[in-house]
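A short worksheet on the structure shown next.
Protein chains: 2
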Amino acid sequence: MGEKSPPRRIRADAERSTARILEAAETVLAADATASLEQIADAAGLARATVHRRFASRAALLDALAERLSQRYLGGLAEARVKTAPPLIALHRVTEIVFDLKLCHRFAIQLTAALTPEVLDGLDLLFARLRDTEAITAVDPAWGRKVYLALLHEVQELPADSPTLASSAAADETEARIDLLVRTTLGALGGGLPATALPLTS
Amino acid sequence: MGEKSPPRRIRADAERSTARILEAAETVLAADATASLEQIADAAGLARATVHRRFASRAALLDALAERLSQRYLGGLAEARVKTAPPLIALHRVTEIVFDLKLCHRFAIQLTAALTPEVLDGLDLLFARLRDTEAITAVDPAWGRKVYLALLHEVQELPADSPTLASSAAADETEARIDLLVRTTLGALGGGLPATALPLTS
DNA sequence: AATAACTGCGTCATGCTTGTATCAGTTAGT
DNA sequence: ACTAACTGATACAAGCATGACGCAGTTATT
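So the protein lines, in turn, are chains C and R. For the first sequence, the positions run 295 to 496 when the working numbering is used. For the second sequence, the positions run 295 to 496 when the working numbering is used.
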């Protein structure tokens, strides 16, 4: 009793549809968490019926979305070598990756579901290591994580022409955002303020 | 043509109903922004029909709610003497007041509508004054305001038994939250960190 | 080329929410 | 005590989102 009882070949373009739906859902739901499946289908350039074919229910779609985001987060954490790299470097790197991945889901969605225990643990580990190396004085990793995520949200929503971004010494706009988030987070958690003396930038 | 064309006396208990509805709405909508009017009516101990009598539509109710919250904010800002008191004191005081008023609407509601331009300006003024007295180095008041509000949210949701709260020297739990928020905000905005040397606590 | 999978479109049923209306009973204000 | 206002209960009519079908046409896979 494996799983081929029904000799159902999953065609390639069907998976492409699934992907497009998820993509569209991420975008649309970020703007309005209560958007209808029809809106999502439209954004994906598909019929509503197709959405129902790929996902048994709205809940199933949301689950898949959460799963997808969760995977991206985990990938980012791994890529940033959160477990082994010097914590300050790792912090900068995760931030960079998160911005790159356009994980701008904005939290508008209650897709806090994407923050699975594994993801949370990954972040907590980062802030625990930051504390151990005395880069911050906040003792509770969970608190560091919450502050970081909250500030991440704010930095993402900051308009491109904000003076707060312009005052940075970074060339790239994205780089300015990263710098701002890192410095603000460290300051919030009682960091020694390495200020502009961050020896990194890839 | 004033407003007494219909000799409509507004009875006292009707206004009480209105108040109860707003109260319930604030609570219920904080937990779920898409809650139905029936849920709100139940929470208020009234019939759904009554809600419709007091408020022409759902939108009207939301407007009234936003207005109400906005007023509370403005009252708090005024009470804290944001315009005249030493900014550090004012910051501590607004925080205290906001916590007291149980303005825990949580932001779950998109009641960002409660943050009227007047309220925003009030907060911006506070952060501009903090900058001018060199309590913080962040130049853009709007950025300070956003950071403050984001951290306010996190501090409010912090469980009572969090080590982050326990590590504070404050007696009261609420006092510990206030201290945490003030210190975290100042740190985030590049403050000189008056640390535990805050000469206040009413 | 043949088969099975996939899609678009239209239809239908269902349940939930909003909003309106009516009516009998209760309560406040003078 | 009289009147007008208020309330609960109930019914009713949209409107909308969800979800399930079927069917005809298209596309991928072998």
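We put the CB at the ideal spot given by N, CA and C, even for glycine.
Inset, instruction - Classify aspartate 473 of chain C as buried or exposed, calling it buried when 16 or more other Cβ atoms lie within 10 Å of its own Cβ. - result: buried
Inset, instruction - Return the first residue and the last residue of the alpha helix (DSSP H) that lysine 519 of chain R is part of. - result: The structure shown does not extend to residue 519 of chain R, since chain R is modelled only from 295 through 496, so no value can be given for it.
Inset, instruction - Verify the CB distance criterion: does histidine 447 of chain R have a CB-CB separation below 9 Å to chain C? - result: yes
Legend entry - Cutoff 9 Å: lysine 377 of chain C Cβ touching any chain R Cβ: no
Inset, instruction - For valine 345 of chain R, decide whether its Cβ has a neighbour in chain C, counting only Cβ atoms nearer than 9 Å. - result: Not closer than 9 Å to any Cβ of chain C, the Cβ of valine 345 of chain R fails to qualify, so no.
Inset, instruction - Use the C-beta contact count for glycine 484 of chain C: other C-beta atoms within 10 angstroms, 16 or more gives buried, fewer gives exposed. - result: With 16 or more other Cβ atoms within 10 Å, it is buried.
Inset, instruction - Could you pull out every residue in the same chain whose Cβ sits closer than 8 Å to the Cβ of arginine 471 of chain R, ignoring the five residues on either side in sequence? - result: Phe393, Val449, Gln450, Leu452 and Leu459
Inset, instruction - Assess, as a yes-or-no matter, whether the stretch 412-432 of chain R is touched by the stretch 368-388 of chain R under the definition of 3 or more beta carbon pairs within less than 8 Å. - result: yes
Inset, instruction - Pick helix, strand or coil for arginine 423 of chain C, following the three-state DSSP scheme. - result: Helix at arginine 423 of chain C.
Inset, instruction - Give the DSSP-derived three-state secondary structure of arginine 352 of chain R in the structure shown. - result: helix
Inset, instruction - Find the residues of chain R that neighbour valine 441 of chain C, judging by a C-beta separation of less than 9 Å, and give them in chain order. - result: Counting only Cβ-Cβ distances below 9 Å, valine 441 of chain C has contacts in chain R at Ala444, Leu445, Glu448, Thr478 and Ala482, in chain order.
Inset, instruction - Might you give, ordered along the chain, the residues of its own chain that have their beta carbon closer than 7 Å to the beta carbon of threonine 479 of chain R, omitting 5 neighbours on each side? - result: Val441, Tyr442 and Leu445
Inset, instruction - Check isoleucine 472 of chain R in the structure and name its three-state DSSP category. - result: helix
Legend entry - Residues that serine 426 of chain R contacts on chain C, provided the C-beta gap is smaller than 8 Å: According to the sequence shown, residue 426 of chain R is aspartate rather than serine. Those do not exist, as aspartate 426 of chain R stays about 16 Å from chain C at its closest Cβ, beyond 8 Å.
Legend entry - Nearest-angstrom Cβ-Cβ length linking alanine 313 of chain C and leucine 355 of chain C, presumed shorter than 8 Å: Contact doesn't hold; Cβ gap of about 13 Å is too wide.
Inset, instruction - Using a Cβ cut-off of 9 Å (strictly closer), state whether threonine 458 of chain R contacts chain C. - result: Chain C contact via Cβ: present.
Inset, instruction - With 9 Å as the threshold, decide whether the Cβ of aspartate 434 of chain R is near any Cβ in chain C. - result: yes
Legend entry - proline 380 of chain C versus glycine 339 of chain R: straight-line alpha-carbon distance, rounded: Straight-line Cα distance between these residues: approximately 57 Å.
Inset, instruction - Can you give me the Cβ contacts of serine 311 of chain C inside the same chain, cut-off strictly under 7 Å, excluding the 5 residues immediately before and after it? - result: Leu340, Thr344 and Arg348
Legend entry - Collapsed DSSP secondary structure at serine 388 of chain R in the structure displayed: It is valine, not serine, that sits at residue 388 of chain R in the sequence shown. Helix, per DSSP.
Legend entry - Residues near valine 322 of chain C in its chain [Cβ-Cβ closer than 6 Å; skip 5 each side]: Closer than 6 Å at the Cβ level, and outside the excluded window around valine 322 of chain C, lie Ala329, Gln333, Ile334 and Ala337.
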